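For the sequence shown, counting from 1, position 109 maps to 123 in this note's numbering; every step adds exactly one.
All C-beta atoms, glycine included, are put in the ideal place defined by N, C-alpha and C.
All values derive from a computational prediction rather than experimental measurement.
Working notes, structure below.
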Amino acid sequence: MKNSYTSVIYNETRTPITRYPDQHAVYLVKRFGLKPGEHILELGCGRGDFISAFKRTGLRCSGIDIEPASIQGVDVKKCDLLKDPFPFEDESLDVIYHKSIIEHFYKPDHLMDETLRVLKRGGKLIFLTPDWERGFKVFYEDITHCRPYNTTAVKDLLAMWGMQNISVEKFYQHPLLWRWPWLKILSVMSNPFLSVRFARWLTRKTKLKFFQFSVETMVLGYGTKE
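Below you can see the structure in the form of structure tokens.
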């Protein structure tokens, strides 16, 4: 029997549960002005690390996934993001969030069309995808990756679907870099000398995630529905 994507890629041995989702959720809530009680949907919520973290910030949380898991306090529904309509009414959601999802589709049309359908006017889309410019040598380590993105591609994607207040940036994943942005200069200076694989090796040896997260950047995209 074929093992599921989640059980192979996101089992707790290979991808242990950490405090990072809570730090990540708190940062995004503050950064984009999300308010307690607003309804957020995570696309491809997997085992629920991030949507559970958003719930702990006071948001009303739902998730959809092709392999739905039982997540305490979160309404999770089965949905194939490639072809199924999202199981929500038109203009019913305040925020849609996804992380490391859009690169799994050759074409983003259905995902973006459904996102706009279920978002309220003024609703917010927040998503992250691996940064092709830094991670091109390891991008296809994940056999389900299809379509890479950089900052230009994400900006164009949001513009093509008519999003407003667009903001796109290289996203450094270490929480220290969110608290003290001036430290990013150390990451930028180290990038020419550290490959992703070497940075991962340094992190394993030193237990300092700063090395890996300084090099293994993502692209953060944000926009609001007109």
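The C-alpha of N164 is placed about 15 Å away from the C-alpha of K121. In the three-state reduction of the DSSP assignment, F68 falls in the helix class.
Within the region 117-164, the beta strand (DSSP E) runs of at least 3 residues that lie entirely inside it are, in chain order, 133-144. As computed with DSSP, V233 is found in a beta bridge with T143 and K184.
DSSP, reduced to helix, strand and coil, places S114 outside both helices and strands of the structure shown, so it counts as coil. The continuous alpha helix (DSSP H) containing V43 extends over residues Y34 to R45. In this structure, H53 lies away from H118, with their beta-carbon atoms at least 8 Å apart. As a beta-bridge residue in DSSP terms, D89 pairs with S76. Judged by beta-carbon spacing, I115 lies beyond the 8 Å limit of D94, meaning their Cβ atoms are not closer than that value.
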